[in-house]
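Asker:
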Amino acid sequence: MGVKVAKFGGSSLADAHQFKKVREILFSDPTRCMVVPSAPGKRSYTDVKITDMLYACARLAASGENLDEQIQQIKERYEEIARELEVDFSFDEPFETIRKNIQLGIGEAYAASRGEYLNGMLLAAYLGWTFIDASEVIFFQEDGRLDAEKTQKILSERLKGLSNAVIPGFYGSDATGAIRTFSRGGSDITGALVARAVNADVYENWTDVSGCMMADPRIVRNPEVIRSVTYRELRELSYMGASVLHEDALFPVRIAGIPTNIRNTNNPDEPGTFICYEAEDDESKYPITGIAGHKDFAIISVEKTMMNSELGFGRRVLQALEEQGISFEHMPSGIDTMSVVVHENSLVGKKEKLVARIHELCQPDSVEIHSGLALIATVGRGMVRSKGISACLFNALAKAGINVRLIDQGSSELNIIVGVDNLDFENAVRAIYRAFVVKEKLW
Ligand code: ASP
Numbered sequence: 014m015g016v017k018v019a020k021f022g023g024s025s026l027a028d029a030h031q032f033k034k035v036r037e038i039l040f041s042d043p044t045r046c047m048v049v050p051s052a053p054g055k056r057s058y059t060d061v062k063i064t065d066m067l068y069a070c071a072r073l074a075a076s077g078e079n080l081d082e083q084i085q086q087i088k089e090r091y092e093e094i095a096r097e098l099e100v101d102f103s104f105d106e107p108f109e110t111i112r113k114n115i116q117l118g119i120g121e122a123y124a125a126s127r128g129e130y131l132n133g134m135l136l137a138a139y140l141g142w143t144f145i146d147a148s149e150v151i152f153f154q155e156d157g158r159l160d161a162e163k164t165q166k167i168l169s170e171r172l173k174g175l176s177n178a179v180i181p182g183f184y185g186s187d188a189t190g191a192i193r194t195f196s197r198g199g200s201d202i203t204g205a206l207v208a209r210a211v212n213a214d215v216y217e218n219w220t221d222v223s224g225c226m227m228a229d230p231r232i233v234r235n236p237e238v239i240r241s242v243t244y245r246e247l248r249e250l251s252y253m254g255a256s257v258l259h260e261d262a263l264f265p266v267r268i269a270g271i272p273t274n275i276r277n278t279n280n281p282d283e284p285g286t287f288i289c290y291e292a293e294d295d296e297s298k299y300p301i302t303g304i305a306g307h308k309d310f311a312i313i314s315v316e317k318t319m320m321n322s323e324l325g326f327g328r329r330v331l332q333a334l335e336e337q338g339i340s341f342e343h344m345p346s347g348i349d350t351m352s353v354v355v356h357e358n359s360l361v362g363k364k365e366k367l368v369a370r371i372h373e374l375c376q377p378d379s380v381e382i383h384s385g386l387a388l389i390a391t392v393g394r395g396m397v398r399s400k401g402i403s404a405c406l407f408n409a410l411a412k413a414g415i416n417v418r419l420i421d422q423g424s425s426e427l428n429i430i431v432g433v434d435n436l437d438f439e440n441a442v443r444a445i446y447r448a449f450v451v452k453e454k455l456w
């Protein structure tokens, strides 16, 4: 029998009602036998996540203030969930220990991790499943990075032969036994590590949306859900601003060849989005997979006649950037011009020095910096084989009256990146979406 690992985000476990949905989902499929919970999230727009409350406790303790009130509020949230679920679980002792440790200044990571730890214990009691403390199976190096090898070894040994288990997300421990956490949203990573350790058939990531959207719903009204996307495409989309999973969550499952399925706890009948190593092109009814982008880039244009015949010119421009600690995003170039796209904020306080250094190193005819550029990536594995994609894209932008200031198409032909004025960003995204998705019947 195959195994599915199911990770549930904070909104999926925000209250007792949500816990019930989670149990139903888990019990409706016997192969869903490993579960990774986040800490309880917001119950409403104005609510506060348990993790944020715990970080606040650590800050209070660091400034020598008393924590009793805050700890009591957090405890009451867990008690309310347990009471409504009719789970007989006393939080008195765990909270006494947690309060003491945080008050003694044990640190932020420990404080934040307790959200997942307590939720894991509660969920295990509710399901009647085995609880495994993540600090015993997820390991960090001294510099705070994951110790992937040790984790894979110990986690897989520990889970072998277990018919079910609850492993809290977000945290683990280092070689000294101290608690460490991933960055925010890191339960996604724990889920992927568990999936890899048990060689799962699928890593299910349950959240409150029905999958990844083809475009940002704040820009395009009710965008279509992406049914299938490859790990490479998703990497391109996430890099350009689409927020789906924690970016480090893709790696463990990708290398193990395990597909990830994003699902909606509030709508479990929806198939969600499948993220696979390879996807059949004909699975998608659209020629593109998704659109993502963001604002506030700057383009540095360096011009020099006969640049093309000058050996090492590009290296010297990049050297100037490196010396200032500026990393670049794209480098679309012409015969006598070289353009480098960087994040606008990476230039703050460095512009003059950078321009002077490029002059020194390269003796160009001119160096100009234009800011206020937005980049939009139109991503699709099918693009490589479809004709007329660029024509359609640029036509749509022209019709919308949008001036394209930069074009970059990676050699993988997985995406086409255009640069437009910040002010045109939203309209450009909508125009591209309309051209490929709304009018798909024209294709
Ligand atoms: N609870 C943590 C956070 O809020 C980790 C997670 O939910 O993945 O960031």
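What the sequence shown shows, in this note's numbering, is residues 14 to 456, in sequence order.
All residues carry an ideal CB built from backbone N, CA and C; glycine is no exception.
The structure displayed is predicted, hence computed values, not measured ones.
Taking the alpha-carbon positions, what's the Leu367 to Glu336 distance?
Answerer: Taking the straight line from one Cα to the other gives about 9 Å.
Asker: Would you mind listing the alpha helix (DSSP H) stretches within the region 197 to 240 that are 4+ residues and don't spill past its ends, in chain order?
Answerer: Within the region 197 to 240, the complete alpha helix (DSSP H) runs of at least 4 residues are 200 to 210.
Asker: State the start and end residues of the unbroken alpha helix (DSSP H) segment that holds Phe108.
Answerer: Its alpha helix (DSSP H) spans residues Asp105 to Gln116.
Asker: Quick one: is Tyr58 buried, meaning 16 or more other Cβ sit within 10 Å of its Cβ, or exposed?
Answerer: Exposed, by the Cβ-count rule.
Asker: May I ask whether a heavy atom of the ligand ASP can be found less than 7 Å away from the beta carbon of Ala52?
Answerer: The answer is yes for Ala52.
Asker: Quick one: any contact between the region 105 to 122 and the region 72 to 89, if contact means 3 or more CB pairs under 8 Å?
Answerer: Short answer: they touch.
Asker: With contact counted as at least three CB pairs below 8 Å, one residue from each stretch, are the region 391 to 400 and the region 338 to 357 in contact?
Answerer: Too few Cβ pairs lie closer than 8 Å, so no.
Asker: Taking the straight line between their C-alpha atoms, what separation do you get for Gly432 and Ala441?
Answerer: So the alpha carbons of these two residues sit roughly 10 Å apart.
Asker: Using the DSSP secondary-structure output, state which residues sit across from Cys289 in a beta bridge.
Answerer: BP columns for Cys289 point to Thr243.
Asker: Whose C-beta lies closer than 8 Å to the C-beta of Glu237 among residues of the same chain, with five residues either side of it excluded?
Answerer: Hits under 8 Å: Met226, Met227, Tyr299 and Val450.
Asker: For Glu129, verify whether its CB is less than 7 Å away from any heavy atom of the ligand ASP.
Answerer: The answer is yes for Glu129.
Asker: Measuring from the CB of Arg197, is there a heavy atom of the ligand ASP at a distance below 7 Å?
Answerer: Under cutoff, so the answer is yes.
Asker: Should Ser103 be flagged as near chain B, meaning a C-beta pair shorter than 8 Å?
Answerer: Although the question refers to chain B, the structure presented lacks it and comprises just one protein chain.
Asker: According to DSSP, is Arg329 helix, strand or coil?
Answerer: Helix at Arg329.
Asker: On the three-pair Cβ rule with 8 Å, is the region 241 to 259 touching the region 176 to 190?
Answerer: They do not touch, by the three-pair rule.
Asker: What runs of the beta strand (DSSP E), each 3 residues or longer, lie entirely inside the region 382 to 435?
Answerer: Correct list: 419 to 422 and 428 to 434.
Asker: Count the CB pairs spanning the region 321 to 335 and the region 364 to 383 that are closer than 8 Å, and state whether there are at least three.
Answerer: Touching, per the Cβ criterion.
Asker: Would you report the Cα separation of Arg90 and Asp28, rounded to the nearest angstrom?
Answerer: In a straight line, the C-alpha of Arg90 is about 8 Å away from that of Asp28.
Asker: Along the chain, where does the alpha helix (DSSP H) containing Arg56 start, and where does it finish?
Answerer: Careful: Arg56 lies outside any alpha helix (DSSP H) and carries neither H nor E.
Asker: Hey, Cys46 and Asn218 are a contact pair by Cβ (cut 8 Å); roughly how many whole angstroms apart?
Answerer: The Cβ separation is near 16 Å, so there is no contact.
Asker: Leaving out the 5 sequence neighbours to the left and right, which residues in its chain are closer than 7 Å to Arg127 when beta-carbon positions are compared?
Answerer: So the qualifying residues of the chain are Leu67 and Ile111.
Asker: Beta carbon of Ser200: closer than 7 Å to some heavy atom of the ligand ASP?
Answerer: Ser200: yes, Cβ under 7 Å from the ligand ASP.
Asker: For the beta strand (DSSP E) holding Ser126, just list the boundary residues, first then last.
Answerer: Counting along the chain, Ser126 falls outside any beta strand (DSSP E), though it belongs to the alpha helix (DSSP H) covering Glu121 to Leu140.
Asker: Gly385 and Asp421: beta carbons closer than 8 Å?
Answerer: The answer is no: Cβ separation not under 8 Å.
Asker: Cβ of Asn274 within 8 Å of Cβ of Asp221?
Answerer: Taking 8 Å as the Cβ cut-off, Asn274 and Asp221 do not qualify as a contacting pair.
Asker: Given a threshold of 16 other Cβ atoms within 10 Å of its Cβ, counted over all protein chains shown, does Phe40 qualify as buried or as exposed?
Answerer: Flag for Phe40 reads exposed.
Asker: Should Gln31 go down as buried or exposed, given a rule of 16 or more other Cβ atoms within 10 Å for buried?
Answerer: With 16 or more other Cβ atoms within 10 Å, it is buried.
Asker: For Thr64, verify whether its CB is less than 7 Å away from any heavy atom of the ligand ASP.
Answerer: Result yes, Cβ under 7 Å from the ligand ASP.
Asker: Give me the residue from Val207, Arg418 and Leu247 with the minimum Cα distance to Ser352.
Answerer: The shortest C-alpha separation from Ser352 is found at Arg418.
Asker: Under 7 Å: does the beta carbon of Gly185 sit that close to some heavy atom of the ligand ASP?
Answerer: The answer is no for Gly185.
Asker: Could you please give the first and the last residue of the uninterrupted alpha helix (DSSP H) stretch that includes Tyr446?
Answerer: Where Tyr446 is concerned, the enclosing alpha helix (DSSP H) stretches over Phe438 to Tyr446.
Asker: With DSSP as the reference, label Ala188 as helix, strand or coil.
Answerer: DSSP places Ala188 in coil when its eight states are reduced to three.
Asker: Based on Cα-Cα distance, which residue from Phe104, Arg447, Tyr123 and His383 lies nearest to Ala413?
Answerer: For the residues Phe104, Arg447, Tyr123 and His383, the minimum Cα distance to Ala413 belongs to Arg447.
Asker: Cutting at 6 Å between CB atoms, please list the residues of its own chain near Leu263, excluding the five before and the five after it.
Answerer: The residues are Tyr244.
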